[in-house]
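The structure under discussion appears below in the form of structure tokens.
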Amino acid sequence: MTPCLKIVTLYNQLYDDPSLIDEDFNWSEFFLLKYNEENLIKVLRTKFEIEENFKTNCDVTHRIVERAIKFVAVGSDHRTIRNASQTLRIVVKYILANFDDDKRWEIICNHYSFSIFGAFSIRLTIFLRENTDLDIETQFLQSQETQLVLLQTAIELITATGNVQDNRLIPVFLQSDLSNALHSTISTKSKATLDFKVYAVKFLSHLLSFSLDRQENPFVTYLARLGDETVLLGFRDVIFYMTQIAIDKFSDFLEVINEENSSLLSTISTPLMSLFSTTTEKKPSFDHIALLNIGVEHYELFAFTRQLISANNDFITFMTVAQKEDEPEYLLNQFLSLSSFVFACFKGDSENEIAKKLSYYCLYIINQCIEDHYTQNIVSNQKLNSILYMMRADLPHRPFIIDDKFANGSKLIEYITELLTEFMLSHKMKKFPYAHYELCFNVLHHLLLRLRGASSKLGNWENVIKTLMGLVKFIIPKIGKENGEHIVEYSNTLQRLLIILNFFIAHGDTFLPDSEAYNYLYYEIIRSESVFQTLRDIVTNSQDIPELTAVRRSILRMSTQLENITLIQSFFKDIFDKNSLDFPSEENIRQTIKDNIGDMTLRLYAELEIVDKIASFNRNFNI
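Sequential numbering from 1 applies to the sequence shown in the UniProt record's numbering.
Below is the structure:
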């Protein structure tokens, strides 16, 4: 009988004849045999389908869980420890994932076996310490193989319920010793490989996401107090590694797809066909969900980066420091590049919830970084020393593009403004992502304030202005048609947009490259007179609403931001009327602006100098 068949036989025997457990069952042999995941799940599924045996099956499962943890906790043979850990993982994951909350805990743990999970946590902590304690290479390699199994088991234990808040096992792991062991494992002093550290980060991320009712999660507190530079550098190295892998995966697959032509795709079956949906026979549409799954293996990359910055703001500085002196690559730059790929996947399908959530994470993290004054200074002055790729989403008038124009000498601030512009341009969708645009405007406002103070010039100004004006034309008609909550959301979005537009009007002469660029802004405002008139009518009509409702309040807030725009339009309209130019050409308008722009007096607003701080992370986007 092969070991595989023997272990399967033992699985069945335990549930078919529970009395075996009360006798001298050879658990050492049981865990010495290699586990068989497929058959163990099959046994669990089959046995728990028999309702009348539920209590007996619970008792057997309790004993398997207890014995598995015992062998992990006190075992000395690495193979036995790994098999026991894998058995524990399979059983607990299956039960937590397939039973309701009122049954799952009854199945896997009675009062005794629930607390014994603490022994698993302690042994995991002891093993993790060996990443810095073991000196003998062979011992370390054997230990790390076992550590990885235990770490993967721990991740499955706390994520199997789907929502970590529903998992009663997590408090067992929230111990200071485990936190210190994880930090040490990820630090630059650790012997652990980067691939191993990825799993340590995944585990830490899920533990950080757990909220306690009456106190702060202790792991968040430990992270906030962390000042060890070797640990912060370790975090940076792992996040950079995960980011680079994701970018490479995106780039490699997209490069191959770019080389395929439509005729080849329609006649030849290749592995890449899974990336395309054939909703129409003539033109396959790009499957952005499949692409995202290929590019991003570990969603915890985004969750952990956000958690780390939120708890310990000092980490932002490490994101702007080069990985190596001789190879000046920066985590912030690479994260910006990865964000472009995520944004493009979100563009592909507004129903793609995971892309929507990851896009929010990206924008939130970028906003966290740009709120930092040191980072603002770095961003406004840094020039790229290598190509920083940007994926531009496929639109009706263009295919997707992997843009490589941001290379040596390009300004980092121009890359960021282009990234924001690309997002705003390509996400004007029916289910409008209000929260995402709020973050875009926040980041852009911070950058414009820094540009003005630094006397730097914005090279890609034209695309920014066009996109802002395009958004104005997209949103204003929505306010006239929508009802209730959506009017408030659109109005709040438009108000933030008008503040950015007014910043260009009031201070554009300090960061736009020349007078022609400033004149172009006025030209775009003048030729959009009818659109803004629609908004003025909406604001006027809202004054007739007797109650100060949320709708009325949100609309009236825009009235102040319309003053300069109205002044510009009326000022030049009077000139056109005076010169009998009923239908002025573009050339007439541009020349008139050039000749008369100095005669205008515009208003400054307090809102232009203050960027609204995002209160907190929107929990609706948790992953």
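Note that the Cβ used here is the ideal one computed from N, Cα and C, for glycine as well.
Just so it is clear, the structure is predicted and the values come from calculations on it, not from any experiment.
According to the DSSP assignment, residue 22 belongs to the alpha helix (DSSP H) that extends over 19 to 22. Per DSSP, reduced to three states, the secondary structure at residue 77 is coil, with no helix or strand assignment. 8 angstroms or more divides the Cβ of residue 176 from the Cβ of residue 241.
Classified as exposed, residue 321 has fewer than 16 neighbouring CB atoms from the shown chains inside 10 Å of its CB.
Here residue 224 is exposed: its Cβ has fewer than 16 other Cβ atoms, across all protein chains shown, within 10 Å. Runs of the alpha helix (DSSP H) spanning 4 or more residues and lying entirely within the region 201 to 229 occur at 218 to 225, in chain order. According to the DSSP assignment, residue 402 belongs to the beta strand (DSSP E) that extends over 401 to 403. In terms of Cα proximity to residue 492, the closest of 370, 437, 333 is 437.
In terms of Cβ geometry, residue 509 and residue 520 do not form a close pair [threshold 8 angstroms]. Under the three-state reduction of DSSP output, residue 392 falls in the strand class. In this structure, residue 512 sits near residue 458, with a CB-CB distance shorter than 8 angstroms.
Between residue 204 and residue 304, the CB-CB gap stays under 8 angstroms. Going by C-alpha positions, residue 54 is about 10 angstroms away from residue 106. For the pair residue 199 and residue 381, the Cα-to-Cα distance works out to about 36 angstroms. Pairwise C-beta distances place the region 363 to 377 out of contact with the region 390 to 405, as fewer than three of them are shorter than 8 angstroms.
Contact check for residue 468 against residue 497 passes: the beta carbons are separated by less than 8 angstroms. Contact between residue 369 and residue 319 is confirmed by a C-beta separation of about 6 angstroms, below the 8 angstroms threshold. Per DSSP, residue 109 is not a residue of any alpha helix (DSSP H), being assigned neither H nor E. When rounded, the separation of the alpha-carbon atoms in residue 553 and residue 599 is 34 angstroms. Each of 432, 441, 454 was checked against the Cα of residue 489, and the nearest Cα belongs to 432. The residue among 383, 555, 593, 181 with its C-alpha nearest the C-alpha of residue 409 is 383.
Rounded to whole angstroms, the separation of the alpha carbons of residue 357 and residue 441 is 18 angstroms.
Bridge partners of residue 383 according to DSSP: 411. In this chain, residue 427 is not harboured by any alpha helix (DSSP H), its DSSP state being neither H nor E.
Around the beta carbon of residue 51, a 10 Å sphere encloses fewer than 16 other beta carbons of the protein chains shown; the residue is thus reported as exposed.
The Cβ atoms of residue 160 and residue 97 lie closer than 8 angstroms to each other. Here residue 166 is exposed, its C-beta having fewer than 16 other C-beta atoms within 10 Å. Ranking 495, 535, 455, 472 by CA distance to the CA of residue 507 puts 455 first.
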